[in-house]
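Heads up: the protein sequence lines correspond to chains A and B, in order.
According to the working numbering, the residues represented by the first sequence are 8 to 288, in order.
According to the working numbering, the residues represented by the second sequence are 8 to 288, in order.
Positions of the beta carbon are idealized from the N, C-alpha and C atoms, including for glycine.
There are 2 protein chains.
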Amino acid sequence: MKKLMLAASSLLFATSVVAETQWRKLDPQNTVLMTLPHGKVVIELAPEFTPNHVARFKQLAKSGFYQGNKFYRVIDGFVAQAGPKDGSEKDKSVSELKMESEWKIDDSWQYTEVQQPAFFAPITGFKKGFAIGLDKEQNRAWLTHCPGVIAMARGNEPDTGSSHFYIVNGQAPRYLDRIMAVFGRVVYGMNHIQSITRTAGVEGEAPLKEKDMIEIVDVQLMSDVKPENRIAIEVEDTDNKAFADKVQGRKYRTAAFFYKKPPPVLDVCQVPVKSRLISTK
Amino acid sequence: MKKLMLAASSLLFATSVVAETQWRKLDPQNTVLMTLPHGKVVIELAPEFTPNHVARFKQLAKSGFYQGNKFYRVIDGFVAQAGPKDGSEKDKSVSELKMESEWKIDDSWQYTEVQQPAFFAPITGFKKGFAIGLDKEQNRAWLTHCPGVIAMARGNEPDTGSSHFYIVNGQAPRYLDRIMAVFGRVVYGMNHIQSITRTAGVEGEAPLKEKDMIEIVDVQLMSDVKPENRIAIEVEDTDNKAFADKVQGRKYRTAAFFYKKPPPVLDVCQVPVKSRLISTK
């Protein structure tokens, strides 16, 4: 009595992907290594989409700013948020950034389509490994809030992000699309983000004390990490036929496991973009 | 420079919920305590919707069947799946169940609506704390695959579930709706489910060895747990005006934080249903 629940979905890839998966090496200048007490996390930054926030995050990483910062708001099924102590000198030392929540596109802008119309956007798709939303009437595209994305936290006003960031750890809070600056995504070690101790328990449970919050050991630009300590990752390239075929395979299920076919729609945040470790030698 | 990203969403509840949250006690006869090496998890069963699978899970829990079962397929962003060793005597000792993936409704069937039309269902909503899909033309409703639901695994044929189960740990795999028997949901300790060691690493990383997989200490019916060891939970009642108001508040955002309004649509799996600990004395 083999339990094929998961095997079946692997099988699906095997049968529906005709072209071979294309891989893309991460640029160590735009990749970050976040060291937590319980594991290492690799984040790919998105300089093409969110240049100023990426520049800020890199600058703070280089200066060791995030060492000892705490994950002070960690809500199951929502986000893990970290930063310096609110209102501290360190916190106030960082200037506020102008919002970068979407960018201009024209008709020639290329991407891999996932769904049209979609639920939170006229069109969804992928570009350079990132899930995106598009509005062609407004000539705008944006990075969507899928699990694993990192974005800058802010106050009520749009241009108030500085150094505090959050990583989405649960069902995509897509209502934050286009009003937050998403600037990267976790490509390795998402399980360690999921494991970060929650600060807000079930109601009736005492919230976590500050001393028990998980602390960031360090955030470093991968290019600044000693070669022997780097984690070298390739990610699935999303801008090619193999990935487009995979998307179609997930939308129109053909495996025997699907004895009744699901609706032919696809949640862009439910499309895995694969990563793999590569040798650094 | 207060970072209000999360505070703002709490504020939203405060301003938009006019009626007070209603709470509902869990029935210890239909609640399960799953003890993992690293924490305790409480699962509410759904006997009204999936009676035979609930009866099976309760029977297996009572007999101590799940003691020592391993989480042998744990995929980040998808599911944590456990059960006895595939093809073992223990595995084969359990008979197969007929699928229970949806149920019949009529026009008088009551629920709290979330979205119509929705993305994977003509209508989504809540009933007795569970996220549901509905098709009124087909007179059918079903439990949706939101994060935290527990369902029976199966082979390719529908009527092949027996004892192996999975808990959704990532973005809702809604393409499994209506073809799997969802029979409960985690109401406490979801962080411990999220923390279960992944068995499939990044490609290029060795998969987890069987000896290192997380083992279930025990699954017990809460009514069989010694009173002093019980975890008593109340959950937000979803079948009343306060919850309906909360749903509307999440769909039509009014907080200042939303300086541009998100599309007025709501993902049923992105609506938190609160839990709280209560005293058992």
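Nearest-angstrom Cβ-Cβ length linking residue i and residue j, presumed shorter than 8 Å
i      : j      : result
K218/B : D166/B : Wrong, their Cβ atoms sit about 33 Å apart, outside the cutoff.
G84/B  : P154/A : 6 Å
V121/B : V280/B : Not quite, the Cβ-Cβ distance comes to about 12 Å (not below 8 Å), so this is no contact.
S170/A : L284/A : About 30 Å; that fails the 8 Å criterion.
K134/A : D246/A : 7 Å
I50/A  : V194/A : 7 Å
Spatially closest choice to residue i from the options, by CA coordinates
i      : options                           : result
S286/B : H199/A, A179/A, L150/A and G211/A : G211/A
I203/A : M159/A, D98/A and I82/A           : I82/A
I130/B : V272/B, S282/B and D34/B          : V272/B
T57/B  : F264/B, D252/B, V194/B and A188/B : A188/B
G75/A  : F64/A, K65/A, R63/A and A89/A     : A89/A
I186/B : A263/A, A138/A and P35/A          : A263/A
M197/B : G196/A, Q117/A, G208/A and Y195/A : G208/A
A249/B : G162/B, L141/B, T119/B and S95/B  : T119/B
L33/A  : A239/A, G162/A and I223/A         : A239/A
R63/B  : N37/B, I139/B, Q29/B and T28/B    : N37/B
L141/B : R161/B, I50/B, D114/B and S95/B   : D114/B
Q29/B  : G71/B, P180/B, G46/B and G136/B   : G136/B
V156/B : K216/B, N176/B and Q123/B         : N176/B
V86/B  : R181/B, A138/B, P234/B and E96/B  : R181/B
D252/A : F172/A, P234/A, K267/A and G132/A : G132/A
E144/A : P124/A, A138/A and G162/A         : P124/A
Environment of residue i [buried if 16+ CB atoms lie within 10 Å]
i      : result
F42/B  : Here residue 42/B is Thr; the residue named in the question, Phe, does not match the sequence. Counting Cβ neighbours within 10 Å, T42/B comes out buried, since at least 16 surround it.
A158/A : buried
D93/A  : exposed
D244/B : buried
T261/B : exposed
E164/A : exposed
I174/B : buried
S102/B : exposed
E107/B : buried
Y259/A : exposed
N236/A : exposed
W149/B : buried
A26/B  : exposed
A213/A : exposed
K99/A  : exposed
G71/B  : exposed
L19/A  : For L19/A, the predicted structure reports a pLDDT of 43, less than 50, and the residue's modelled location is therefore unreliable. A value from the coordinates is still provided. Buried, because 16 or more other Cβ atoms sit within 10 Å of the Cβ of L19/A.
E109/B : buried
K216/A : exposed
K77/A  : buried
Test item: CB-CB of residue i and residue j under 8 Å
i      : j      : result
P54/B  : V48/B  : no
N59/B  : K111/B : no
T151/A : D184/A : yes
V303/B : Q227/B : Residue 303/B lies beyond the range of chain B shown here (8 to 288); nothing can be said about it.
S282/A : V254/A : no
L52/A  : G256/A : no
P44/B  : I200/B : no
F265/A : F126/B : no
D306/A : Y73/A  : The structure shown has nothing for residue 306/A, since chain A only spans 8 to 288.
P35/B  : M229/B : yes
A179/A : G168/A : no
Closer than 8 Å to chain D by CB, residue i
i     : result
F64/B : Chain labels in this structure do not include chain D; the protein chains are A and B.
Below 8 Å between beta carbons is the criterion; list the residues of the stretch 157-182 of chain B that meet it against any residue of chain A, in chain order.
Of all residues in the stretch 157-182 of chain B, A160, R161, G162, N163, E164, P165, T167, S169, H171, Y173, N176, G177, Q178, A179, P180, R181 and Y182 have a Cβ within less than 8 Å of some Cβ in chain A.
Could you please tell me which residues of the stretch 197-229 of chain A, in chain order, have their CB closer than 7 Å to any CB of chain B?
Hits within the stretch, in order: M197, N198, Q201, S202, R205, V209, E210, G211 and E212.
Output, in sequence order along the chain, the residues in the stretch 274-285 of chain A whose CB is closer than 7 Å to any CB in chain B.
Those would be D274, C276, Q277, P279, K281, S282, R283, L284 and I285, in chain order.
Using Cβ-Cβ distances below 8 Å, what residues of the stretch 71-88 of chain B are close to chain A?
Cβ contacts with chain A come from R80, I82, D83, G84, F85, V86 and Q88.
Closer than 9 Å between beta carbons: that is the criterion. Which residues of the stretch 230-257 of chain B meet it against chain A?
Within the stretch 230-257 of chain B, the residues whose Cβ lies closer than 9 Å to some Cβ of chain A are I240, E241 and R257, listed in chain order.
Could you name the residues of the stretch 35-61 of chain B whose beta carbon sits closer than 7 Å to any beta carbon of chain A, in the order they occur along the chain?
Listed by position, the residues of the stretch 35-61 of chain B near chain A (Cβ gap below 7 Å) amount to none.
Residues of the stretch 181-195 of chain B with Cβ closer than 9 Å to any Cβ of chain A, in chain order:
Residues passing the 9 Å Cβ filter: R181, Y182, L183, D184, R185, I186, M187, V194 and Y195.
Name the residues in the stretch 119-139 of chain B whose C-beta lies less than 7 Å from a C-beta of chain A; which are they?
From the stretch 119-139 of chain B, only F126 and F127 have a Cβ closer than 7 Å to chain A.
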